[in-house]
Amino acid sequence: MTTSTTPPPSPVKRCPICHKPRVEAHAPFCSNRCRDRDLMRWLDDGYALPGRAVDAEDEAPD
Ligand SMILES: [Zn+2]
1 MTTSTTPPPS PVKRCPICHK PRVEAHAPFC SNRCRDRDLM RWLDDGYALP
51 GRAVDAEDEA PD
């Protein structure tokens with residue numbers, strides 16, 4: 001007797017920044033841009049750092 005296990009359909013996670021469907025590579029965001037924006041929001045909330053961190057793995061065009 002064969003039993004096939006089918007995983008339950010997972011709800012679509014959305015980017016907390018722009019609410020587009022998120023991309024696994026940038027989870028929980030949809031892109032490096034939104035991830036960066038979230039980071040900036042945190043920094044802007046409590047810290048004021050000069051300059052801007054350049055993400056070397058920013059490979060997503062737009
Ligand atoms: Zn987004």
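The UniProt record's numbering applies: residue 1 is where the sequence shown begins, and numbers increase by one. For glycine and all other residues, C-beta sits at the position ideal for the given N, C-alpha and C.
- With the criterion CB distance below 6 Å from any heavy atom of ligand 1, the matching residues run C15, I17, C18, K20, F29, C30, S31 and C34 along the chain.
- CA-to-CA, the gap between P28 and L43 works out to about 18 Å.
- P21 places its beta carbon less than 8 Å from that of R14.
- The Cβ-Cβ distance between S10 and V23 does not fall below 8 Å.
- Distance from I17 to D38 at the Cβ level is roughly 6 Å; contact confirmed, criterion being Cβ atoms closer than 8 Å.
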